[in-house]
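S.K.: I am attaching a structure below and will ask some questions about it afterwards.
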């Protein structure tokens, strides 16, 4: 039985690859903060009073559908749901840009030129790069707007998550997993009486991912273990304490907290996860506070 107690990384890093930026952006400069549609132009939504024109939404939906066809994936069966998902992404992006504007975050033309020159170098020539834009149905002006927005988003993300990995409480713990509470209680009593925890883990634990290393779960932060009761027990108890049997969907765990630290460096994967959670929480707060009107 493989328990895979630690959560895998589930999100891409925003802004790492320049060609993923269109996933977060619309392909029209009318979505830049402060832009306004023509009078009486149909709207898809308003975000804190700022409009998202229906034509801009439809263009982005069509562009994404073309991208799906290009890579050979199946077109979504529920196009209305797909359209709503695209609009959600556009609303979130607009909120990020509005927040960035309040923070005075800008991207000068020189920064855009640096990124574009890098892309031209990768493409082999300016002509090849323009052909790529043409394939994506983007003018150079539109792409510069897209790129500027993506870089603003990355700057805002860096600001929001700057302290996400600083002073984070971490726990080093180990556990033994068994099928029933009676067995767990017997093993716990043996540990309390002085038996070797690691030896008992190797002998009895059902967790094949940790039993050969004495049940060691390594260091983790809150929200990292798949089995929340195990995590809660490890964080709640004192160093070297051995828990009463902790029930999860997998069985019963005996948990021992080995070390606790808040000044220990957070590894890259863990920091990424914390940064993702921090940015997501910040964005959810923006969504909660925003005045959003949807017209479709």
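In the numbering used here, the protein residues as written are 312 to 607.
Ideal Cβ placement from N, Cα and C applies to all residues, glycine included.
Which whole-angstrom value is the C-beta distance of residue 559 and residue 535, which I expect to be below 8 Å?
M.R.: Reading the chain shown from its first residue, position 248 is the one you call residue 559. Reading the chain shown from its first residue, position 224 is the one you call residue 535. About 15 Å; that fails the 8 Å criterion.
S.K.: Going straight from the alpha carbon of residue 604 to that of residue 361, what length do you get?
M.R.: For the purposes of this step, residue 604 is identified with residue 293 of the chain shown, where counting begins at 1. For the purposes of this step, residue 361 is identified with residue 50 of the chain shown, where counting begins at 1. Each residue's Cα considered, the two are about 10 Å apart.
S.K.: From the DSSP secondary-structure annotation, give me the bridge partner or partners of residue 562.
M.R.: Here residue 562 refers to the residue found at position 251 of the chain shown. Residue 562 pairs with 559.
S.K.: Roughly how many angstroms separate the alpha carbons of residue 449 and residue 379, rounded to a whole number?
M.R.: For this step, residue 449 is matched to residue 138 along the chain shown. For this step, residue 379 is matched to residue 68 along the chain shown. Between residue 449 and residue 379, the C-alpha separation is close to 17 Å.
S.K.: In whole angstroms, give me the CA-to-CA distance for residue 298 and residue 353.
M.R.: Nothing about residue 298 can be reported from this structure: the residues present for the chain run from 312 to 607 only.
S.K.: Residue 575: buried (16+ other C-beta within 10 angstroms of its C-beta) or exposed?
M.R.: Residue mapping note: residue 575 aligns to position 264 of the chain shown, counting from 1. Classification of residue 575: exposed, given that the 10 Å Cβ count is below 16.
S.K.: When the Cα atoms are used, what is the spatial distance from residue 556 to residue 506?
M.R.: In the chain shown, residue 556 corresponds to position 245, counting from 1. In the chain shown, residue 506 corresponds to position 195, counting from 1. Answer to the nearest angstrom: the Cα atoms are 17 Å apart.
S.K.: Are the region 463 to 477 and the region 422 to 435 touching by the rule of at least three beta carbon pairs closer than 8 Å?
M.R.: They do not touch, by the three-pair rule.
S.K.: Excluding the five sequence neighbours on either side, which residues of its own chain have a C-beta within less than 7 Å of the C-beta of residue 495, listed in chain order?
M.R.: By one-based count along the chain shown, residue 495 stands at place 184. Correct list, in chain order: 489, 556, 563, 565.
S.K.: Note down, in chain order, each residue of its chain lying with its Cβ closer than 7 Å to the Cβ of residue 511, except the 5 sequence neighbours on either side.
M.R.: Start at 1 with the first residue of the chain shown, and residue 511 comes out as number 200. Once the five neighbours on either side are set aside, the close Cβ partners of residue 511 are 487, 498, 501, 502.
S.K.: How long is the line joining the alpha carbons of residue 481 and residue 358, rounded to whole angstroms?
M.R.: As a working note, residue 481 is residue 170 in the chain shown. As a working note, residue 358 is residue 47 in the chain shown. If you take the alpha carbons of residue 481 and residue 358, they lie about 39 Å apart.
S.K.: How far does the alpha helix (DSSP H) with residue 420 in it reach, from first residue to last?
M.R.: Along the chain shown, read from residue 1 onward, the residue named residue 420 stands at position 109. From DSSP, the alpha helix (DSSP H) with residue 420 extends over 420 to 434.
S.K.: Whose C-alpha, out of 569, 434, 430, 561, is nearest the C-alpha of residue 527?
M.R.: What you label residue 527 is simply residue 216 of the chain shown in a count that begins at 1. If we check each option's Cα against that of residue 527, 569 comes out closest.
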